[in-house]
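This report concerns only the one structure given below.
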Amino acid sequence: MKVALQFIAMGLVWGASFLFMKVGLEGVSFGQVVWARLVFGAITLVVIAIVTRSRLPREPIVWLHFLVVALTYCVIPYLLFAWAEQYVSSSLASIYNAVTPITTAILVTVAFRVEKLNRDQVLGVAIGVLGVVIVVGPWQIAALSGSLWGQLACLGAVTCYGFSFGYIRRFISHRAMPATTIAVMNIGVAAVIMLLLTPVIAWGPITFSWPVLLSLLALGALGTGVVYIWNMNVLRAWGPTATSGVTYVTPVVGVALGILVLGETLSWNEPVGALVVIAGILLTQQRVRLFTRRQAELVDRAA
Numbered sequence: 012m013k014v015a016l017q018f019i020a021m022g023l024v025w026g027a028s029f030l031f032m033k034v035g036l037e038g039v040s041f042g043q044v045v046w047a048r049l050v051f052g053a054i055t056l057v058v059i060a061i062v063t064r065s066r067l068p069r070e071p072i073v074w075l076h077f078l079v080v081a082l083t084y085c086v087i088p089y090l091l092f093a094w095a096e097q098y099v100s101s102s103l104a105s106i107y108n109a110v111t112p113i114t115t116a117i118l119v120t121v122a123f124r125v126e127k128l129n130r131d132q133v134l135g136v137a138i139g140v141l142g143v144v145i146v147v148g149p150w151q152i153a154a155l156s157g158s159l160w161g162q163l164a165c166l167g168a169v170t171c172y173g174f175s176f177g178y179i180r181r182f183i184s185h186r187a188m189p190a191t192t193i194a195v196m197n198i199g200v201a202a203v204i205m206l207l208l209t210p211v212i213a214w215g216p217i218t219f220s221w222p223v224l225l226s227l228l229a230l231g232a233l234g235t236g237v238v239y240i241w242n243m244n245v246l247r248a249w250g251p252t253a254t255s256g257v258t259y260v261t262p263v264v265g266v267a268l269g270i271l272v273l274g275e276t277l278s279w280n281e282p283v284g285a286l287v288v289i290a291g292i293l294l295t296q297q298r299v300r301l302f303t304r305r306q307a308e309l310v311d312r313a314a
C-alpha cells in the first residue's frame, strides 16, 4: 500500500511540475527556474541523506559517471524544458515528456547496446515516432516559429533523458548504492553545476510573488527532491516495467492542470498524437504484444 501511494504521488508531482515551471516563469527567467529547482531539490535530499546517514561513494570514476548523468538527466533537459515553456503550453510540454520511453528504447539499443529490441518493440518505436509527428503537426507550420522551436527543445530534453537512462543502465545501475545516495549524487552534482553557471544562466531580475515562490519550492523540494527517492523505492519494489507506468500518469495530470488552472487549450492533433505515442509505448514496453514468441521466430526464419 505504501509503495502504491508513492507511485500515485510520483505521477501527480511529476505531472504538476510542468505547471510549476509555467507559473515560475511569470517571475523569473528559465535559467533561474532550473537553478531554483536543482538547488532546492539538492538541499532537500542532503537533509534526508543526513537524517538517514547515507554515505556518498568514494571512487572517482563513480563521481565522473554522475557528472555525465547530472548534465544529461538534469541540467540540459531541465533547461530545455524550462526554455520551451516560454513558447509552448505546460500541457504540450507534459505530452512531449511522455515520449521518454521511446527515446530510451532507441538509445539503449543503438548507442549503448544494453538491450535488443524485438519486433513488437521496433513497431512500438515506429508508432511512437509517428505520434510525435502528429503532435508536432508539420502541416500547420508555416515558418520556424517560437512554438516549433519550443517543441524541438522538448524533444531534445526527452532525447537527453533517453541517453541518461542508457548511461545509468551501462555504468551505474549495477553498483550497490541506496536510493538516497543515487538521488543526492544526481541532483547534488547538477546543483553544483548550476551554482557555477549562475553568472551566465541564472543572473537577472526577479519579480517576486507568492505563487512564483511556492511553485519553485514545490518544483525543487518535491519534483526534484523527495520524488526521486519515491521513484527508487517503487523501482525496487515493482521493477522497471511497472514503475515506468508513471509515464501514462504524468501527461494526464499535466494536461488536466494546464487546462483547469491556466486555461490552456489543445489542438486536435496534440491529444491524438499523445494517444498514438502511448500505443507505441505499450508495444515498446511489451505491455501489449502483436507477435507471439513462436510468430517472431517464424518471421525471423523467413527473413
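With positions in the sequence shown counted from 1, the corresponding number in my numbering is that position plus 11. No residue lacks a Cβ here, since even glycine has one placed at the ideal position from N, Cα and C.
As the crow flies, the alpha-carbon of T218 is around 28 Å from that of Y84.
Rounded to whole angstroms, the separation of the alpha carbons of P88 and V133 is 25 Å.
Each residue's CA atom was taken as its position, placing M32 and R69 some 34 Å apart. Shown here, Q17 sits in a helix according to DSSP, grouped into three states.
One thing to note: G35 has its Cβ no nearer than 9 Å to the Cβ of Y98. Apart from the 5 residues on each side of it in sequence, W46 sits with its Cβ closer than 6 Å to the Cβ of M205, A213 in its chain, given in chain order. Annotation: the continuous alpha helix (DSSP H) that includes G269 extends over 257-273.
Spatial neighbours of A248 in its own chain (CB-CB distance under 8 Å, excluding positions within 5 residues in sequence) are listed in chain order as V14. L277 is not a Cβ neighbour of L30, given a cutoff of 9 Å.
Contact annotation, A95 with C165: C-beta distance approximately 5 Å; criterion of less than 8 Å satisfied. Residue environment analysis places M12 among the exposed positions, since fewer than 16 neighbouring C-beta atoms fall within 10 angstroms of its C-beta. Restricting attention to L49, L16, W25, the CA atom closest to the CA of T209 is found in L49.
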